[in-house]
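Down below is the structure, laid out as structure tokens.
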Amino acid sequence: MTEPKTKTSGDPAERRVSASSAFFAEEGAKTGIIAVASTVIFFGGAALLISRSSNWPNVKDQFFNPENFSESAPDVIDGFWLNIQLFFWAMLIIPLLAMIVAVMRSLRGPAFMPLRLLAVIYTDLFRGIPLYLLIVVLGFGVPALQINGLPTSPAFWGIAALSLSYAAYTAEIYRSGIDAVPESQRSSARALGLTQWQSLRFAVLPQAVRNVVPALMNTVVSLQKDVALVSILGIRDAVREAEIYKTRTFNYTSYIVATLLFLAISIPLTRFVDWYIARDRAERSQSQV
Amino acid sequence: MTSKPGVASKLELDNVHKAFGDKHVLNGINLAIDEHEVVCLIGPSGCGKSTLLRCVDLLDTIDQGDIRLDGDSITARGIDGNAVRRRIGIVFQSYNLFPHMSVLDNVTLGPRRALGMDRSEAEAKAMELLDRFGLADKAQDYPNRISGGQNQRAAIVRALIGDPEILLLDEVTSALDPELVGEVLGVIRDLASRGMTMVLATHEMGFARDVANRVAFLHEGKVLETAPPAELFTNPTEERTKQFLARVIEAGRL
Ligand SMILES: Nc1ncnc2c1ncn2[C@@H]1O[C@H](COP(=O)(O)OP(=O)(O)OP(=O)(O)O)[C@@H](O)[C@H]1O
Ligand SMILES: [Mg+2]
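These protein sequence lines are chains A and B, in that order. Heads up, the first sequence is in this note's numbering, so the first residue is 83 and it goes up one at a time. Heads up, the second sequence is in this note's numbering, so the first residue is 988 and it goes up one at a time.
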């Protein structure tokens, strides 16, 4: 008796479902078309606008000259290799320094007051100074003091400035991760007889770092670009080499070479970070059983 | 006078006060627990049961009064809190296992890092205990992969592996699904029968009646009365206790 009823799909609820899924399919196709059309219009329009501007041939020759491109590339690539080395050193120092500062700031009890204070002063100071100024002050100022035993290499002070500034931000990222670990985790570790430091080290920090990996990775992307700022100090990095070439030839194509080199690293890095964050989020929502 | 070893209680709380800001939570707690004794703390929500247990394990500092273990103050100035905490085990309502470690690593963390036991020795001891509590096959699992009851039993093992002289249990079954409560209560019953000194905060009056040597009724940060369960549940002397038990019976928990 009930069978024919279900087969006719006369059930109003069912009809509503199929109607709405058709609606969504239609909607999906529509948004797809809109996305493609607007992309074509936007980029096509921009290209048209640029190429039809009266000065485009000039600009094209000044910035996108194939001869200048291949002529400047070797030196700029050489310089970029230096950027990568600076980046590498900063990447070694920053997480370590930041972790020390974050831990200092997370210690409790009156005995650790001086350490906490030191950490607060450090982060306030180095987050407060624009990176550009910090590089200038350290890179030109400290060597000028001519203190015996202190390195005078601009590369050294460039790395120092980058590390001090980025470590201040990174310490704050770590700290937000530490604060996000429930207090009960610390209590449980202390209850086992672990010291404050051991509780942080074995119970809190592993969870804290896991919490902030996405934020840390975004910092890496931004550091990779900011390394170029050390060219202020006359270090012959990619940007500096590009500038030298431009000064010699009055052609800006060398800057495009440098730009492409930075993009060649930062775009894959950014894609990777996005992929990682999406995967991390999926994993976390899955593990909440 | 009573602070001679052999004469003193295992654990004594003497006029203990504790406030959070201007909220007074413990208002002069007096309580003594003998070795091998099981004492249940009962009382309305917010009366200070958890705070009392946390203060005994020095996870919160008391404002006034004294807590003594084997007759020696553990709240006096200059006491090494870590050393005291190694002598006391505590288990929380929400298990609080470390989610980034396997059950085995959770259990061995304390002995390895706080007691300096080497890994193989700690793991052998952990496996023995896990086996005793029916968790041997869960040793390599992570806390989010096992049930609440298994989490709580693992947390009990973690608290026991350092051979504590006294075990504090804070509503260890409250977060569990009803069908998982039994397995955890069984574990506690087993510990009681082996002579473990325990203080447990609980809402399970039936269980308190069953396992406790004495029941202490807390109200607004004071111990209003203590008595063996048979006496306290059937013939309480304090008006507050009567009211509390009446409410509990009404709610069908006795
Ligand atoms: N860290 C804290 N800061 C401020 N107030 C607190 C803190 N811990 C506990 N309290 C307060 O102290 C009072 C007693 O809390 P406690 O957890 O000891 O009660 P309880 O008897 O264990 O209650 P329950 O049966 O609900 O677990 C509560 O009013 C609570 O809000
Ligand atoms: Mg409580």
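In this text, a Cβ means the ideal position worked out from N, Cα and C, and glycines have one as well.
- Shown in chain order are the members of the segment 1097 to 1119 of chain B whose Cβ falls below 8 Å from a Cβ of chain A: 1097, 1100, 1101, 1102.
- Residue-level contact check: residue 288(A) touches chain B, since one or more beta carbons of chain B fall below 8 Å from its beta carbon.
- The continuous alpha helix (DSSP H) containing residue 1144(B) extends over residues 1135 to 1147.
- DSSP, reduced to helix, strand and coil, places residue 157(A) within a helical segment of the structure shown.
- Any heavy atom of ligand 1 within less than 5 Å of a residue's beta carbon puts that residue on the list, which reads 1007(B), 1012(B), 1032(B), 1033(B), 1034(B), 1035(B), 1036(B), 1037(B), 1038(B).
- In this structure, residue 1162(B) has its CB at a distance of at least 7 Å from all heavy atoms of ligand 2.
- Contact check for residue 162(A) and residue 338(A): beta-carbon distance about 13 Å, past the 8 Å limit, so the pair fails to qualify.
- Pairing residue 308(A) with residue 345(A), the inter-Cα distance amounts to about 13 Å.
- Straight-line spacing of the CA atoms in residue 1039(B) and residue 1013(B) works out to 7 Å.
- Across the structure, residue 214(A) and residue 203(A) are spaced so that their CA atoms are roughly 20 Å apart.
- Of the candidates 1094(B), 1139(B), 1101(B), 1158(B), the residue whose Cα lies closest to the Cα of residue 1127(B) is 1094(B).
- With a threshold of 16 other beta carbon atoms within 10 Å, residue 1130(B) meets it and is buried.
- Straight across, the Cα-Cα distance linking residue 1053(B) with residue 1082(B) is about 28 Å.
- Here DSSP, grouped into helix, strand and coil, assigns residue 136(A) to coil.
- Here the distance from the Cβ of residue 1158(B) to the nearest heavy atom of ligand 2 is below 7 Å.
- Under a 10 Å Cβ-count criterion, residue 121(A) is classified as exposed, with fewer than 16 other Cβ atoms of the shown protein chains found around its own Cβ.
- For residue 1051(B), there is no enclosing alpha helix (DSSP H); the enclosing beta strand (DSSP E) covers residues 1051 to 1056.
- The straight-line gap separating the alpha-carbon atoms of residue 1140(B) and residue 1122(B) is approximately 8 Å.
- Boundaries of the alpha helix (DSSP H) harbouring residue 272(A): 265 to 273, taken from the DSSP string.
- Interface annotation for the segment 1068 to 1080 of chain B against chain A: 1069, 1072, 1073, 1077, 1079, criterion Cβ-Cβ distance under 7 Å.
- In its chain, beyond the 5 residues on either side, 1201, 1202 have a beta carbon closer than 7 Å to the beta carbon of residue 1214(B).
- Residue 313(A) and residue 321(A) have their C-alpha atoms some 6 Å from each other.
- The beta carbons of residue 1045(B) and residue 1026(B) sit no closer together than 8 Å.
- Under the three-state reduction of DSSP output, residue 1203(B) falls in the strand class.
- By the rule that beta-carbons nearer than 8 Å mark a contact, residue 245(A) does not touch chain B.
- Along the segment 256 to 288 of chain A, the positions whose C-beta sits under 7 Å from a C-beta of chain B are 266, 267, 269, 270, 272, 273, 274, 275, 276, 277, 280, 284, 285, 288, read in chain order.
- Put simply, of 1224(B), 1179(B), 1235(B), 1209(B) the residue whose alpha carbon is nearest the alpha carbon of residue 1017(B) is 1209(B).
- With a threshold of 7 Å, the Cβ atom of residue 273(A) does not count as near ligand 2, since no heavy atom of the ligand is closer than that.
- Setting aside the 5 residues that flank it on each side, residue 270(A) is surrounded in the same chain by 285, each with a C-beta closer than 8 Å to its C-beta; the list follows chain order.
- With fewer than three CB-CB distances shorter than 8 Å, the segment 1102 to 1122 of chain B does not count as touching the segment 1156 to 1169 of chain B.
- Between the beta-carbon of residue 294(A) and that of residue 256(A) there is about 6 Å, and that keeps the pair under the 8 Å contact cut.
- Taking the beta carbon of residue 292(A) as reference, the chain B residues within 8 Å of it are 1087, listed in sequence order.
- Using a cutoff of 7 Å, the CB of residue 1188(B) counts as near ligand 2, since one of the ligand's heavy atoms is closer than that.
- DSSP places residue 1024(B) outside both helix and strand once states are collapsed to three, so it counts as coil.
- Collapsing the DSSP output to three states places residue 1185(B) in a strand.
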